[in-house]
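Peer 1:
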Amino acid sequence: MTIGRALLQLLVFPGLLYAVPVAWLMLWMERKLTARLQGRIGPPFYQPFFDFVKLLAKQPLPRPRLQALAMSALPVLAVASTLGALALLPVFPHSGGFSGDLVLLVALLEIPPLCAVLAGFVSRSLYGELGATREAVLSIAYSLPFLAALVALAAAADSLSLSVISQQAMWQVRLPALLALALCLPVKLRVNPFSVANAEQEIYAGATTEFEGPRLALWELAHGLEWVALTGLWAVLAFPVAHAVWPLRATVFVAISLTLVLALAAVAAATARLKLAQAARVYWLWGSALGALAMVVAMVWP
Amino acid sequence: MRLVDSLVRTARRRSPWLFHLNAGSCNGCDIEFVTCLTPRYDVEQLGIRLEGSPRHADIIVVSGPVTRTTRAAVETVYAQVPEPKVVVALGSCPASCNVFAGSPTIEGPLDRILPVDVYVPGCPPRPDAIIAGIAEAIGLLAGRGRA
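Each protein sequence line maps, in turn, to chains A and B.
Residue numbering for the first sequence follows this note's numbering, beginning at 10 and increasing consecutively.
Residue numbering for the second sequence follows this note's numbering, beginning at 1015 and increasing consecutively.
Have a look at this one:
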């Protein structure tokens, strides 16, 4: 991967220039669909953008210096690592990439939840700490099926390169692996029925309860980018058109991502929040079963 | 710079987040207030969100006559909301202490403790009146503070 190519992917597509507007679009789609399913009209199209600008223009509150530094650095790190993960997605065939970019992608995707846990504790708020604890417990639970599915895909394609996996993994392995990944999406995005980590009406905003103004704006942005990155990862792995021309691939990528957002929002609007133990059990039991199935098929199939 | 200013003003007008503070209210105003979020009134179409944390809020909506036990909480919560912010007094209690006026356990009305920007009188006020009051508060919010 040349430097120019890497910069293009980081800054234009599927990185910054594509991801930020689409992040706002996805946040809006989620809120709008929820409102429509509840019989409301819902927020207008530009809502997440104006939320972001308004939060940026609020005055930060005075805090102890180290706490202020940590509370500003953590959301920046979350935004940066999610953008890095987006840049690794092989939307186009032969788009570069390197052997092992799967490992880097997994590491980059794990940083935002870790930042959220740290943010909850560093904010010294009871609700922030509760949200951080729940986030940590859940991330242990969903990491098993998430990683098992990715390992199975890598084993099926006999490669650690994302673009090879997205083109060569067998569909017998891909189906259970994609199901396991889809099961992990709502908890990674903290939407119902797995929204215990930021449970509104219960612990306010979880880890971000104590964050205000520009710092909260960055968290909202990081959250939106996580939507783009995780649905994008799923879309890349589920590509039905492996060797198509690039405009078709880009269109299919965006279409699958947006459809997935609609599906997740519909499920979120139709379900109630599970308790922490129930949510963890879903991942330990059903998520791990799917992940193990994908792994067994990948190892045993000739 | 003027472009940024007008963008920020528009953003403040389009995205007011509320924090609801009960300072000894009888719950009547609170029920009417929550009604504004239901499908019939749906204030989310104005960009309004009810936030659980005062750190996220722009507009503080206070109901109740401010009892002795809630006064400290009212002051703390007001200090926790970042600038720019607007205070809305919801119902007759924070405006005049209503039927509780003269009680030894009441420290209100609210304007003795916080600078109140908008009064929404009524016992309780109708959701339409609450939305009108919040709309007025949004206008104040947009003009307040530097970008």
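Built from N, CA and C at the ideal position, the CB exists for glycine as well.
1. If you pair each beta-carbon of the segment 30-40 of chain A with each one of the segment 49-56 of chain A, do three or more pairs fall below 8 Å?
2. Rounding to the nearest angstrom, what Cα-Cα distance links A/Ala96 and A/Val309 in this structure?
3. Short check: CB of B/Leu1038 to CB of B/Val1080, under 8 Å?
4. Verify whether the separation of the beta carbon atoms of A/Gly109 and A/Leu169 is less than 8 Å.
5. Considering just the uninterrupted stretch of the alpha helix (DSSP H) at A/Leu127, what are its terminal residues?
6. Rounding to the nearest angstrom, what Cα-Cα distance links B/His1034 and A/Leu271 in this structure?
7. Which complete alpha helix (DSSP H) runs does the segment 1091-1152 of chain B hold, if anything under 4 residues is left out?
8. Quick check: the Cα distance between A/Ala195 and A/Tyr292, rounded to an integer number of angstroms?
9. If we ignore side chains and look at the alpha-carbon of each, how far apart do B/Leu1051 and B/Gly1066 end up?
10. Anything in chain B within Cβ reach of A/Val62, meaning under 7 Å, just list it in chain order.
11. From what residue to what residue does the beta strand (DSSP E) around A/Trp295 run?
12. In angstroms, rounded to a whole number, what distance separates the CA positions of A/Leu162 and B/Arg1063?
13. Less than 6 Å between C-beta atoms, sequence neighbours within five positions excluded: which residues of the same chain meet that for B/Trp1031?
14. Starting from B/Pro1062, trace the beta strand (DSSP E) both ways and give me its first and last residue.
15. Would B/Arg1026 pass as a contact of B/Ala1156 if the rule is Cβ separation under 8 Å?
16. Would you mind reading off the limits of the alpha helix (DSSP H) that contains A/Leu175?
17. Using a 10 Å radius around the Cβ and a threshold of 16 neighbouring Cβ atoms, would you call A/Met80 buried or exposed?
18. On the DSSP letters alone, give me the boundaries of the alpha helix (DSSP H) that A/Trp33 sits inside.
19. Is it right to say B/Asp1019 is buried, meaning 16 or more other beta carbons lie within 10 angstroms of its own, or is it exposed?
20. Let me check one thing: in DSSP terms, what residues is B/Asn1036 bridge-paired to?
21. Counting only Cβ pairs nearer than 8 Å, list the residues of chain B close to A/Leu70.
22. Anyone know if the C-beta pair for A/Ala158 and A/Gly24 falls short of 8 Å?
23. So what does DSSP say about A/Trp310, is it helix, strand or coil?
24. Within the segment 141-221 of chain A, note down every full alpha helix (DSSP H) run reaching 4 residues or more, in order along the chain.
25. Strictly below 7 Å CB to CB, what residues from chain B border A/Pro332?
26. Is the Cβ of B/Pro1053 closer than 8 Å to any Cβ of chain A?
27. Is the shortest distance between the beta-carbon of B/Arg1016 and the beta-carbons of chain A less than 8 Å?
28. If we define contact as Cβ-Cβ less than 8 Å, is A/Val49 a contact residue for chain B?
29. Can you have a look at A/Glu219 and say buried or exposed, based on whether 16 or more other CB atoms are within 10 angstroms of its CB?
30. Can you find at least 3 beta carbon pairs, one from the segment 131-148 of chain A and one from the segment 273-282 of chain A, that sit closer than 8 Å?
31. Determine the contact status of A/Glu235 and A/Phe61, defining contact as a CB-CB distance below 8 Å.
32. Taking A/Lys67 as part of the alpha helix (DSSP H), name the residues at either end of that continuous run.
33. Name, in chain order, the residues that DSSP records as bridge partners for B/Trp1031.
34. Verify the CB distance criterion: does B/Ser1029 have a CB-CB separation below 8 Å to chain A?
35. Near B/Ala1143, which residues of its chain fall below 7 Å by C-beta distance, leaving aside the five closest residues on each side in sequence?
Peer 2: According to the structure shown:
1. yes
2. For the purposes of this step, residue 96 of chain A is identified with residue 87 of the first sequence, where counting begins at 1. For the purposes of this step, residue 309 of chain A is identified with residue 300 of the first sequence, where counting begins at 1. Whole-angstrom Cα-Cα distance: 33 Å.
3. In the second sequence, counting from the first residue as 1, residue 1038 of chain B sits at position 24. In the second sequence, counting from the first residue as 1, residue 1080 of chain B sits at position 66. The sequence given here places Gly at residue 1038 of chain B; Leu does not occur at that position. Going by C-beta atoms, B/Gly1038 is nearer than 8 Å to B/Val1080.
4. Position 100 of the first sequence, counted from the first residue, corresponds to residue 109 of chain A. Position 160 of the first sequence, counted from the first residue, corresponds to residue 169 of chain A. Yes. Within cutoff.
5. Here residue 127 of chain A refers to the residue found at position 118 when the first sequence is read from its first residue. 110-131 is the extent of the alpha helix (DSSP H) around A/Leu127.
6. Position 20 of the second sequence, counted from the first residue, corresponds to residue 1034 of chain B. Position 262 of the first sequence, counted from the first residue, corresponds to residue 271 of chain A. Their backbone Cα atoms lie some 31 Å apart in a straight line.
7. 1106-1110
8. For the purposes of this step, residue 195 of chain A is taken as residue 186 along the first sequence, with counting starting at 1. For the purposes of this step, residue 292 of chain A is taken as residue 283 along the first sequence, with counting starting at 1. Correcting the residue type first, residue 195 of chain A is Pro in the shown sequence and not Ala. Each residue's Cα considered, the two are about 11 Å apart.
9. Counting from one through the second sequence, the residue named residue 1051 of chain B turns up at place 37. Counting from one through the second sequence, the residue named residue 1066 of chain B turns up at place 52. When rounded, the distance between both Cα atoms is 14 Å.
10. Residue numbering aside, residue 62 of chain A sits at position 53 when the first sequence is read from its first letter. Chain B residues near A/Val62: Leu1021, Val1022, Ala1025.
11. Position 286 of the first sequence, counting from 1, holds the residue named residue 295 of chain A. Where A/Trp295 is concerned, there is no enclosing beta strand (DSSP E), given that its DSSP letter is neither H nor E.
12. The count along the first sequence starts at 1 and reaches residue 162 of chain A at position 153. The count along the second sequence starts at 1 and reaches residue 1063 of chain B at position 49. Answer to the nearest angstrom: the Cα atoms are 41 Å apart.
13. Position 17 of the second sequence, counting from 1, holds the residue named residue 1031 of chain B. So the list reads Arg1063, Glu1065, His1070, Ala1071, Asp1072, once near-sequence residues are dropped.
14. Translated into the one-based positions of the second sequence, residue 1062 of chain B becomes position 48. Note on residue identity: the sequence assigns Ile, not Pro, to residue 1062 of chain B. Looking at the DSSP string, B/Ile1062 is not in any beta strand (DSSP E), and its letter there is neither H nor E.
15. By one-based count along the second sequence, residue 1026 of chain B stands at place 12. By one-based count along the second sequence, residue 1156 of chain B stands at place 142. Cβ atoms of B/Arg1026 and B/Ala1156: closer than 8 Å.
16. Counted from its first residue, the first sequence places residue 175 of chain A at position 166. Sequence inspection shows Ser at residue 175 of chain A; the Leu mentioned does not correspond to that position. That run of the alpha helix (DSSP H) goes 171-177.
17. Translated into the one-based positions of the first sequence, residue 80 of chain A becomes position 71. Under this definition A/Met80 is a buried residue.
18. Against the first sequence, residue 33 of chain A aligns to sequence position 24. Taken as a continuous stretch (DSSP letters only), the alpha helix (DSSP H) holding A/Trp33 covers 25-46.
19. Position 5 of the second sequence holds residue 1019 of chain B. With fewer than 16 other Cβ atoms within 10 Å, it is exposed.
20. Translated into the one-based positions of the second sequence, residue 1036 of chain B becomes position 22. According to DSSP, which records beta bridges pairwise, B/Asn1036 is partnered with B/Ser1077.
21. Position 61 of the first sequence, counting from 1, holds the residue named residue 70 of chain A. Within 8 Å Cβ-Cβ: Arg1069, Gln1094, Pro1096.
22. Translated into the one-based positions of the first sequence, residue 158 of chain A becomes position 149. Translated into the one-based positions of the first sequence, residue 24 of chain A becomes position 15. For A/Ala158 and A/Gly24, no; Cβs fall outside 8 Å.
23. By 1-based counting over the first sequence, the position of residue 310 of chain A is 301. In this structure, A/Trp310 counts as coil in the three-state DSSP scheme.
24. 171-177, 180-197
25. A question about residue 332 of chain A goes unanswered here, because the residues of chain A that appear run from 10 up to 311.
26. Looking up residue 1053 of chain B in the second sequence gives position 39. Interface residue, yes.
27. By one-based count along the second sequence, residue 1016 of chain B stands at place 2. Taking Cβ atoms only, chain A never reaches closer than 8 Å to B/Arg1016, which makes this a no.
28. As a working note, residue 49 of chain A is residue 40 in the first sequence. The sequence as given places Arg at residue 49 of chain A; Val does not occur at that position. Chain B contact via Cβ: present.
29. Here residue 219 of chain A refers to the residue found at position 210 when the first sequence is read from its first residue. A/Glu219 should be labelled buried.
30. no
31. Working through the first sequence from its first residue, we reach residue 235 of chain A at position 226. Working through the first sequence from its first residue, we reach residue 61 of chain A at position 52. No, Cβ-Cβ distance for A/Glu235 and A/Phe61 is not below 8 Å.
32. Here residue 67 of chain A corresponds to residue number 58 of the first sequence, with the count starting at 1. From DSSP, A/Lys67 is part of no alpha helix (DSSP H); its letter is neither H nor E.
33. In the second sequence, counting from the first residue as 1, residue 1031 of chain B sits at position 17. According to DSSP, B/Trp1031 bridges with B/Arg1063.
34. Position 15 of the second sequence, counting from 1, holds the residue named residue 1029 of chain B. Yes, because at least one Cβ of chain A sits closer than 8 Å to the Cβ of B/Ser1029.
35. What you label residue 1143 of chain B is simply residue 129 of the second sequence in a count that begins at 1. Correct list, in chain order: Val1134, Gly1136.
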